[in-house]
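Numbering (the numbering used here), first residue to last: 47 to 137.
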């Protein structure tokens, strides 16, 4: 799991952690937040569960499974469109 280490609403480190984050002991004033689907960097801001950079909220990136699903949908749409064109040409 990719975790952002946050102190004073700033990301000050990014770590890979295997296990239960509750067992991770940090100095007072620091917390961790799962940032696996965000392109978070050290120095980014974190407030109320939202990562931001230069005042703009960071958007979650798609997981590989979501990308595959979107590509499969595009393939289906293209196959349907190709079938329609083929039927018009052969009639």
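Glycine residues also receive a C-beta, built at the ideal position from the N, C-alpha and C atoms.
From residue 126 to residue 115, what distance separates their C-alpha atoms? For the purposes of this step, residue 126 is identified with residue 80 of the chain shown, where counting begins at 1. For the purposes of this step, residue 115 is identified with residue 69 of the chain shown, where counting begins at 1. Straight-line Cα distance between these residues: approximately 17 Å.
Closer than 6 Å by C-beta to residue 83: which residues in its own chain qualify, once you throw out the five before and the five after it? Chain order, please. Taking the first residue of the chain shown as position 1, residue 83 is located at position 37. Same-chain partners within the cutoff: 106, 107.
Helix, strand or coil: how does DSSP classify residue 104 here? Numbered from 1 along the chain shown, position 58 holds the residue referred to as residue 104. Looking at residue 104 - three-state DSSP - the assignment turns out to be coil, as it is neither helix nor strand.
With DSSP run on the structure shown, which of helix, strand or coil describes residue 129? For the purposes of this step, residue 129 is taken as the residue at position 83 of the chain shown. Residue 129: helix per DSSP, three-state reduction.
Given a cut-off of 8 Å on the beta-carbon distance, is the pair residue 63 and residue 79 in contact? In the chain shown, the residue the question calls residue 63 occupies position 17. In the chain shown, the residue the question calls residue 79 occupies position 33. No, they are not a contact pair.
Tell me which residues share the same chain as residue 168 and place their Cβ nearer than 8 Å to its Cβ, disregarding the 5 neighbours each side in the sequence. There is simply no residue 168 to check, as the chain begins at 47 and stops at 137 in what is shown.
Under DSSP, the beta strand (DSSP E) around residue 77 begins and ends at which residues? Taking the first residue of the chain shown as 1, we reach residue 77 at position 31. Note, residue 77: beta strand (DSSP E), 76-80.
Nearest-angstrom Cα distance between residue 54 and residue 102? The sequence position of residue 54 within the chain shown is 8, counting from 1. The sequence position of residue 102 within the chain shown is 56, counting from 1. Cα to Cα, the separation comes out at about 18 Å.
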